[in-house]
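Here the structure is laid out as structure tokens; the discussion comes afterwards.
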Amino acid sequence: MDRIEMNPHVCAGKPVIRGTRIPVTVILDHLAEGMSREKVLEGFPMLCDEDISAAIAYASRSIESTDVVLTPEEV
Numbered sequence: 020m021d022r023i024e025m026n027p028h029v030c031a032g033k034p035v036i037r038g039t040r041i042p043v044t045v046i047l048d049h050l051a052e053g054m055s056r057e058k059v060l061e062g063f064p065m066l067c068d069e070d071i072s073a074a075i076a077y078a079s080r081s082i083e084s085t086d087v088v089l090t091p092e093e094v
């Protein structure tokens, strides 16, 4: 996870792509809305495809280590 960092002085300590102020959640939100990787990269030209993969992997690992319960409204 060398592409993801958390620093209390950057975005309130939320996980971001290393060397940027782009939160992992922003990337995931765009993908969840149906945006392609290519469009995400167009919107954030400082990122590379590996950054998107790292964001997805980070989310996956976070879910694995957390008990997440969604209500029917959230699905």
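Our numbering puts the first residue of the sequence shown at 20, with every later residue one more than the last.
Cβ coordinates follow ideal geometry from the N, Cα and C atoms, glycine included.
Beta-bridge partners assigned by DSSP to E24: V35. The Cβ atoms of L47 and A73 do not sit closer than 8 Å to each other. For V45 against Y77, the beta-carbon gap comes to about 13 Å, at or over 8 Å, which does not count as contact. In the structure shown, the three-state DSSP call for V29 is strand. Per the C-alpha coordinates, the member of V88, S55, S81 and I82 positioned closest to I71 is S55.
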